[in-house]
Amino acid sequence: MNNYITIVVAFIIGQFIYTSITVYNLQNGKDIGYWHAYGAYLKKETGWFVIAIAGLCGVLFVLSDFVNLDIKKADLINKEVLSYKEKLVLYFRTSALMLGMFIQHIVFKVYKKGKEEVEKVNDKISGS
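Residue 168 is where the sequence shown starts when you use the working numbering, and the numbers rise one by one after that.
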């Protein structure tokens, strides 16, 4: 798989892993169902997902100036000593996954729009 595609896919998976766990924790023990809470969360956080993907595209655009993205994991596995840049290529999937989760964590902690929306929808369900 192309390194660019690998990074984007891993980043998106990381974003949705963190979102899934967050939504579960927000709705757990409340009247709102998981999928209803997930929809409410995504509705408020869609802009941040778009901004994160746009930022990732910007990073990928300049990344090729610093790291040789043509190198494949198979080329590096048998190499005895790896430079920092080669280790980055070797662990692209893990790095991108963790970066996606970390960025979603920052958005959740700083802006809390999704959390507020889930609580608002839960209050509507509980009040009716």
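All C-beta atoms, glycine included, are put in the ideal place defined by N, C-alpha and C.
By the Cβ test, the stretch 277–295 is in contact with the stretch 188–200, since at least three Cβ pairs between them sit closer than 8 Å. Using a Cβ distance threshold of 9 Å, isoleucine 273 and leucine 223 do not count as a contacting pair.
By the C-beta density criterion, tyrosine 251 is exposed, having fewer than 16 other C-beta atoms within 10 angstroms. Ranking Tyr278, Lys254 and Ile172 by CA distance to the CA of glycine 214 puts Tyr278 first. DSSP places tyrosine 258 in no alpha helix (DSSP H); its state is neither H nor E.
Taken in chain order, the unbroken stretches of alpha helix (DSSP H) that lie wholly in the stretch 191–239 and span 4 residues or more are 201–230.
Assignment of asparagine 170 by DSSP, reduced to helix, strand and coil, places it in the helix class.
Per DSSP, asparagine 289 is one residue of the alpha helix (DSSP H) stretching across 280–294. Closest in alpha carbon position to isoleucine 184, among Lys280, Ile270, Lys240 and Lys282, is Ile270. With a cutoff of 9 Å on beta-carbon distance, leucine 264 and isoleucine 188 are scored as not near each other.
Taking C-beta atoms as the reference points, serine 262 and alanine 177 count as a pair closer than 9 Å. About 7 Å separates the CB atoms of valine 190 and valine 285; that is less than 8 Å, so the two are in contact. DSSP, reduced to helix, strand and coil, places lysine 276 within a helical segment of the structure shown.
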